[in-house]
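Protein chains: 2
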Amino acid sequence: MNILELVTKKDEEKVKKLKEAMEKRSIDVLLFRLVEDVLYISGYWSSFGFCSVLFPLDGEPTIITIEDEKDFAERSWIKDVRYVNLETKEKLGDPKGDMIKIIKEWMKDRNLHKASLGYEGSMEFFSTNAMSRENWSFGISTYEALKKNLPEVKLIDATDLIYEVRSLKSEREVEIMKIVNEVADMGLEAFHKSLEEGKREIDLQAEVEKEVMERGIGYKGIERLVVFAMIMSGKNSAQAYKMYNVSTIKKLEKGDFVLMELNLNVEGYWSDTTRTYVVGKPNKEQEDIFDTALEAQERALEAIRDGVRASDINSIAFEVLKKRGYWNYITHRLGHGIGVNMHEPIPALHLASNHIIRSNMIFSVEPGIYGHKYGGIRIEDMVLSLKNKGERLNKYYRGA
Amino acid sequence: MNILELVTKKDEEKVKKLKEAMEKRSIDVLLFRLVEDVLYISGYWSSFGFCSVLFPLDGEPTIITIEDEKDFAERSWIKDVRYVNLETKEKLGDPKGDMIKIIKEWMKDRNLHKASLGYEGSMEFFSTNAMSRENWSFGISTYEALKKNLPEVKLIDATDLIYEVRSLKSEREVEIMKIVNEVADMGLEAFHKSLEEGKREIDLQAEVEKEVMERGIGYKGIERLVVFAMIMSGKNSAQAYKMYNVSTIKKLEKGDFVLMELNLNVEGYWSDTTRTYVVGKPNKEQEDIFDTALEAQERALEAIRDGVRASDINSIAFEVLKKRGYWNYITHRLGHGIGVNMHEPIPALHLASNHIIRSNMIFSVEPGIYGHKYGGIRIEDMVLSLKNKGERLNKYYRGA
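And the structure:
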């Protein structure tokens with residue numbers, strides 16, 4: 002199936018899971034306002050970010066959005082799509098006011114004006130829209146307007162519920178994430194093959210991004226794709242554990258570690274991978290560093306199974322680093338959940354995590370060794386947890 | 002001066018303007034939580050997006066951020082930088098809780114625990130951070146935590162104040178925007194020169210983005226730059242008035258209009274430009290379309306002066322389109338403000354706008370003609386309003 006069919010068709014498994022969670026928490030309606038959640042439930046990935054979905058426990062859901070995105074919105078399995086008035090060349094619009102009005106009427110029409118409404122109250126950290134330039138959030142003014150316009154409604158912060166449901170991928174989502182990571186592999190390959198002494202980090206970034214766009218758009222039906230390749234070499238690679246990664250004008254030198262953090266957003270679903278290679282032939286010490294990271298990743302993969310503690314997976318990988326003398330060179334947790342956002346809170350592969358790994362979770366496994374004399378390396382793959390093992394969704398070469 | 006010096010040094014003009022506005026509204030402290038406002042006041046452009054600035058009417062301001070961004074934050078003229086505890090490999094962190102604690106103590110230490118605090122209450126639409134992948138907003142849960150932790154503080158939604166102050170650029174900001182648009186011109190040139198029958202839209206996008214990255218990083222000290230080039234040709238170009246623009250795998254054909262929307266974020270400041278060219282030689286009708294758009298843009302530029310109504314500028318440009326028979330082919334307003342976000346509300350160059358153009362505003366002037374048999378064209382430049390005219394910040398060729 003092509004990716005847009007997978008994304009936009011009704012995902013019965015997902016709908017069922019969501020309704021069970023709503024029932025347990027006595028939530029009658031979920032209001033999704035963030036791009037990632039609108040995508041999650043409807044399959045409609047907003048470019049601009051002004052969109053929402055009313056998802057009731059009983060009855061059919063409704064999308065509210067702008068006319069400009071009609072083509073995208075009407076691909077969704079949700080057939081009731083309502084539009085707000087946008088500005089024309091002659092009149093100014095009030096899309097937010099219109100949205101509140103539609104929500105109010107919708108609740109009244111369905112006799113839900115005294116219902117409990119779940120909202121994304123603590124989701125201040127969220128994925129960008131397809132444009133990646135400006136964002137719409139669910140903020141304070143919409144929240145205040147909801148309270149004012151729905152005085153009898155019980156507002157419930159449903160953030161935890163949403164993250165919990167999102168953490169267990171449906172069969173359809175697993176298929177989507179496999180396609181996304183086929184594209185990621187194209188980027189890892191482009192990086193490996195373009196690596197060359199004398200090139201600047203920024204040149205390599207531009208080349209990888211170009212190749213991913215050119216090969217990715219059109220692949221299995223992909224229409225929208227955002228790609229970010231950050232290249233850090235030599236000493237810069239020692240900084241690659243930080244939250245920002247910047248390619249500079251530094252040239253690649255013989256013997257350098259060159260690390261690429263590759264982040265893709267393909268039709269709304271994310272991939273987050275890293276490869277490190279050496280310019281020229283690695284020396285013995287460098288080989289030992291790679292072997293150690295690889296062994297840490299492999300031991301973690303083998304230990305993954307339904308029911309195991311996420312903290313135990315992290316410990317098993319860290320044990321390898323300790324045993325081989327690299328304990329001071331790992332600075333961060335082993336991994337994080339991923340899906341419609343690049344960092345999802347469940348599961349946290351962290352020593353202090355209380356999450357349990359379940360089948361059909363998808364997360365990163367990313368041992369890193371930073372700050373020794375050669376800089377830093379990281380090997381990061383997307384991993385699907387199966388009943389008895391972890392399966393890497395990225396197949397591209399992980400060595401030196 | 003290089004761009005980072007311009008961005009990070011204290012901008013006395015800006016600080017004065019902001020304090021005058023605060024005084025008028027009786028705001029003792031402004032809390033900036035969004036990346037664009039933190040950049041605006043401190044010159045520190047966050048990669049990750051978790052950052053804030055406490056800006057008091059009296060006394061020195063304070064930055065609160067994460068240790069990972071120390072290098073960026075400590076370039077700011079604001080010398081008091083405080084850090085929240087992030088997660089380590091062994092402990093989970095609580096950056097939001099830490100931030101609230103720091104704010105609370107800061108207010109108490111300065112005897113401001115009963116002060117009025119301005120916040121970004123209605124800014125649900127905002128610029129992305131330097132990473133462009135995930136965002137932090139100022140959301141409902143932080144707002145509720147502030148109310149709880151600062152029970153005696155008077156919270157004031159300062160959105161209007163912030164947008165008003167931001168609309169008048171300081172001399173330093175004008176310099177910054179000039180550099181940003183020198184980079185934009187590199188992109189417009191790359192587009193024009195790479196245009197070729199048989200290439201796919203997506204190939205052209207990848208080529209332009211590559212060239213902008215390669216030439217832009219390092220130019221006048223630029224370290225961080227995000228570039229988005231959307232190419233729409235032939236029939237696709239007729240859709241270019243919509244809020245999303247997607248390059249497809251369609252190949253450029255002889256006689257096609259090819260439209261590029263180019264959006265740059267350079268060290269936190271935006272440029273938003275558009276060029277349209279014809280593959281091969283334009284015919285008479287096509288030339289007439291270009292002439293019309295150019296004339297509309299030129300008439301608007303000449304009419305710009307300190308004190309004129311934004312709506313009048315829009316009317317003057319639209320008169321040209323009407324007179325030359327293209328009234329039904331323009332679908333949107335003439336332009337929008339720009340700066341630390343790509344779309345800023347002031348000034349709105351719209352027929353229904355009540356804004357007055359003042360010297361040192363920067364905005365787009367972007368007449369477009371869409372939906373005729375050749376598709377659509379738009380010519381969009383960044384314009385600085387001077388006392389007696391509008392000055393285009395983009396110099397690259399605008400013809401067919």
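Heads up: the protein sequence lines correspond to chains A and B, in order. Heads up: the first sequence begins at 2 in my numbering, then just goes up one per residue. Heads up: the second sequence begins at 2 in my numbering, then just goes up one per residue. Every residue, glycine too, gets a C-beta built ideally from N, C-alpha and C.
Counting other Cβ atoms within 10 Å of its Cβ, residue 2 of chain A stays below 16 and is therefore classed as exposed. Shown here, residue 9 of chain B sits in a helix according to DSSP, grouped into three states. Beta-bridge partners of residue 65 of chain B (DSSP): B:53, B:83. Residues of the segment 47-67 of chain A with a C-beta atom less than 9 Å from some C-beta of chain B are 47, 48, 49, 50, 51, 67, listed in chain order. CA-to-CA, the gap between residue 328 of chain B and residue 60 of chain A works out to about 45 Å.
Contact residues of the segment 87-102 of chain A toward chain B are 87, 88, 89, 90, 91, 92, 93, 97 (C-beta to C-beta distance below 9 Å). Contact note: residue 268 of chain B does not reach chain A at a C-beta cutoff of 7 Å; the least C-beta distance is about 12 Å. Chain-ordered, the chain B residues with CB closer than 8 Å to the CB of residue 352 of chain A read 90, 91.
Annotated as distal: residue 35 of chain B and residue 101 of chain B, with beta-carbon spacing of 8 Å or more.
For residue 70 of chain A, the chain B residues whose C-beta falls within less than 9 Å of its own C-beta are 243, 244, 245, listed in chain order. Burial state of residue 168 of chain A is buried, judged by a 10 Å Cβ sphere holding 16 or more other Cβ atoms. In the structure shown, residue 328 of chain A falls within a helical segment according to DSSP collapsed to helix, strand and coil. The CB of residue 131 of chain B comes closer than 9 Å to the CB of 245, 247 in chain A, given here in chain order. Bounds of the alpha helix (DSSP H) holding residue 160 of chain B are 160-168. A Cβ-Cβ distance of about 15 Å is found for the pair residue 277 of chain B and residue 322 of chain B, leaving them out of contact under the 8 Å criterion. In the DSSP assignment, the residues bridged to residue 252 of chain B are B:201. Around the beta carbon of residue 369 of chain A, 16 or more other beta carbons sit within 10 angstroms, so the residue counts as buried. Taking a C-beta cut-off of 9 Å against chain A, the contacting residues of the segment 133-162 of chain B are 133, 134, 135, 136, 137, 138, 139, 140, 141, 142, 143, 144, 145, 158, 160, listed in chain order. Chain B has no Cβ within less than 8 Å of the Cβ of residue 274 of chain A. DSSP places residue 137 of chain B in the strand class (E or B) of the three-state scheme.
In chain order, 88, 90 make up the part of chain B whose C-beta sits under 8 Å from the C-beta of residue 334 of chain A. Against residue 225 of chain B, the close residues of chain A are 245, 247, in the order they occur along the chain (beta-carbon pairs closer than 9 Å).
The beta carbon of residue 219 of chain B falls within 8 Å of a beta carbon belonging to chain A, placing the residue at that interface.
Between residue 129 of chain A and residue 136 of chain B, the CB-CB gap stays under 8 Å. Residue 368 of chain A: not part of any alpha helix (DSSP H); DSSP gives it neither H nor E. Taking every protein chain shown into account, the CB of residue 398 of chain A has fewer than 16 other CB atoms within 10 angstroms, so this residue is exposed.
Sequence-distant Cβ neighbours of residue 20 of chain B in its own chain, meaning closer than 8 Å and more than five residues away, are 58. Residue-level contact check: residue 343 of chain A touches chain B, since one or more beta carbons of chain B fall below 8 Å from its beta carbon. The shortest CA-to-CA distance from residue 8 of chain A to any of A:181, A:51, A:68, A:91 is the one to A:181. Proximity of the segment 105-113 of chain B to the segment 150-162 of chain B meets the contact definition, three or more beta-carbon pairs being nearer than 8 Å. Unbroken beta strand (DSSP E) stretches of 3 residues or longer found wholly inside the segment 83-136 of chain A: 117-120, 126-128, given in chain order.
The segment 239-253 of chain A and the segment 208-223 of chain B touch, with no fewer than 3 CB-CB distances between them shorter than 8 Å. In this structure, residue 339 of chain A places its C-beta atom within 8 Å of the C-beta atom of residue 273 of chain A. A residue is called buried once 16 or more other Cβ atoms fall within 10 Å of its Cβ, and residue 286 of chain B, having fewer, is exposed. Look at residue 206 of chain A: its C-beta is under 8 Å from a C-beta on chain B. Any Cβ of chain A closer than 8 Å to the Cβ of residue 364 of chain B would place that residue at the interface, and such an atom is absent.
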